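A quick write-up on the structure given underneath.
Numbering (my numbering), first residue to last: 456 to 702.
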């Protein structure tokens, strides 16, 4: 297992954002992480990559405990992430954004070798022709791919993707899903947060479901979609419940 999360609890004052969350992630899989708004999905990502330290529980990455490590050290160990709200360095070129990811990632590249990594990653995500463009001029789909490219330039073993499909049109979603599958096929393990249920159930090898900070279901996409607890969790949004039950 590349990642093991053992009874992780995270509180904000009296609010339990995560409660006794336990799961494991095999290597070279795409794990989908779903749940209603406020379920604790992004909080879990923040625990995994060192933004938050859990009050209870432990996180093991590649057989080493990383609980409470600062984010830069987690990144250097080979765990990278994207953010739901993209955060590019807007005044730099697209290529320089990706170079920064390579410099501060697992290999800690110098500028020359970071440039080589950046060029390879930009080709992988289809942004080579935008390499010298100022980042602020990109559209949302291009910025999503840049966010992914910058994380990939860190050369992670495990990649956390936080709603990389949000805001994209159907063609852009298909393109991004193809890129994500290629990343998995190259040996990178992926955990995805996403609200697009059809895409999530199509691309994921396994799915975890959080509700009010508690893990309520895990298994194959079909098993999770037919789980009564999962359907109940989505009843606050009948459209989502219908999509889940129809998978």
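Even for Gly, the Cβ is constructed at its ideal location relative to N, Cα and C. All figures in this text were calculated on a predicted structure; none of them were measured in a lab.
To the nearest whole angstrom, what separates the beta carbons of residue i and residue j, a pair I think is in contact under 8 Å?
i	j	result
residue 552	residue 601	6 Å
residue 529	residue 490	Rounded, the Cβ-Cβ distance is 23 Å, inconsistent with contact.
residue 511	residue 464	4 Å
residue 572	residue 608	5 Å
residue 531	residue 563	7 Å
Please report how far the alpha carbon of residue i lies from the alpha carbon of residue j, in whole angstroms.
i	j	result
residue 675	residue 682	11 Å
residue 497	residue 679	20 Å
residue 547	residue 583	15 Å
residue 644	residue 592	31 Å
residue 538	residue 500	10 Å
residue 594	residue 648	22 Å
residue 524	residue 626	39 Å
residue 610	residue 621	24 Å
residue 513	residue 458	11 Å
residue 555	residue 569	8 Å
residue 634	residue 641	11 Å
On the CB-based measure, 16 or more other CB atoms within 10 Å of its CB, does residue i come out buried or exposed?
i	result
residue 585	buried
residue 487	buried
residue 516	buried
residue 703	Outside the modelled stretch of the chain, which goes from 456 to 702, sits residue 703, for which no answer is possible.
residue 565	exposed
residue 666	buried
residue 462	exposed
residue 617	buried
residue 646	buried
residue 567	exposed
residue 481	exposed
residue 495	buried
residue 469	exposed
What residues are listed by DSSP as bridge partners for residue i?
i	result
residue 556	The partner list for residue 556 (beta bridge, DSSP) is empty, contrary to what the question assumes.
residue 535	614
residue 519	516
residue 505	In DSSP, residue 505 forms no bridge with anything.
residue 500	Answer is none; residue 500 lacks a bridge partner.
Let me make sure I understand the geometry here. Which of the options has the alpha-carbon closest to that of residue i?
i	options	result
residue 686	668, 664, 669	664
residue 577	559, 632, 518, 597	597
residue 660	556, 536, 673	673
residue 630	588, 468, 658, 642	658
residue 557	662, 541, 535	535
residue 541	619, 689, 478, 526	619
residue 590	603, 559, 543	543
residue 668	561, 654, 604, 502	502
For chain E, check one thing: does any of its Cβ atoms lie closer than 9 Å to the Cβ of residue i?
i	result
residue 560	The structure shown contains no chain E, having only a single protein chain.
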